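Step one of this worksheet: look at the structure below.
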Amino acid sequence: MINIKQIYDDALKDPALFAKIDVDAIIDSLESDGSTDYLERESLSTIHKSVYDCLREHDIPYISKYGNKLADYRYIEEICHLHKGKNVRWIRKNTGEKTLTNGGIVVDIKFLDNGMHILTKNNQNRFIQYKFDDCLTFQKLSMGEQLVLMANEYVDHS
Numbered sequence: 350m351i352n353i354k355q356i357y358d359d360a361l362k363d364p365a366l367f368a369k370i371d372v373d374a375i376i377d378s379l380e381s382d383g384s385t386d387y388l389e390r391e392s393l394s395t396i397h398k399s400v401y402d403c404l405r406e407h408d409i410p411y412i413s414k415y416g417n418k419l420a421d422y423r424y425i426e427e428i429c430h431l432h433k434g435k436n437v438r439w440i441r442k443n444t445g446e447k448t449l450t451n452g453g454i455v456v457d458i459k460f461l462d463n464g465m466h467i468l469t470k471n472n473q474n475r476f477i478q479y480k481f482d483d484c485l486t487f488q489k490l491s492m493g494e495q496l497v498l499m500a501n502e503y504v505d506h507s
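So for the sequence shown, the numbering used here puts the first residue at 350; every next one is plus one.
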């Protein structure tokens, strides 16, 4: 069994590590269950670019501040890319002050008459529900996802 956390920590300390390890074996082990198929053509650079582009397109203030806070997140454009059990943060599109929420963990995705709603649980054990269509949603990348993205970037540049 591959220790993903150890490989991830080592890769953060030494990006040259990808030259020494079997990147394909790591990606295969992470993709064996199909849980990272949506990252197939992505890299850390493309994920960061999509976050910044989203913030810029929607005239969000403090782009660099929010961009830094969302460095470990990916922009969720389609509901099918949202995963239960992972942390999300969102910005309401239609409010005067467009601020980044602290977010919470996705508990449920509801399809109601008035649209899609995301039920989250925050760090104070309170449930918050928001309408997906009215917000920009960002989901935190797991260590495994970040490792796949780093490996994809290494493969693209080598």
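The beta carbon of each residue, even a glycine, is placed where N, CA and C say it ideally should be.
Model, not experiment: these values are computed from the prediction.
Could you spell out where the alpha helix (DSSP H) holding residue 414 opens and where it closes?
For residue 414, the enclosing alpha helix (DSSP H) covers residues 412–418.
Taking Cβ to Cβ, would you say residue 328 is nearer than 7 Å to residue 438?
Because the chain here runs from 350 to 507, residue 328 falls outside it and cannot be looked at.
Please list, in chain order, all residues of the same chain as residue 422 whose beta carbon is under 7 Å from its beta carbon, the five residues on each side excluded.
These residues qualify, in order along the chain: 400, 438, 487, 488, 489, 490.
Identify the continuous alpha helix (DSSP H) that holds residue 405 and give its terminal residues.
Here the alpha helix (DSSP H) through residue 405 covers 393–406.
Continuous beta strand (DSSP E) assignments of at least 3 residues falling wholly in the stretch 434–486
List check, beta strand (DSSP E) in window: 436–441, 453–461, 464–470, 476–480.
Report yes if the C-beta distance between residue 403 and residue 461 is below 7 Å; otherwise report no.
The criterion of a C-beta distance shorter than 7 Å is not satisfied by residue 403 and residue 461.
Reference residue 420, options 483, 497, 393, closest by Cα:
The candidate whose alpha carbon is nearest that of residue 420 is 393.
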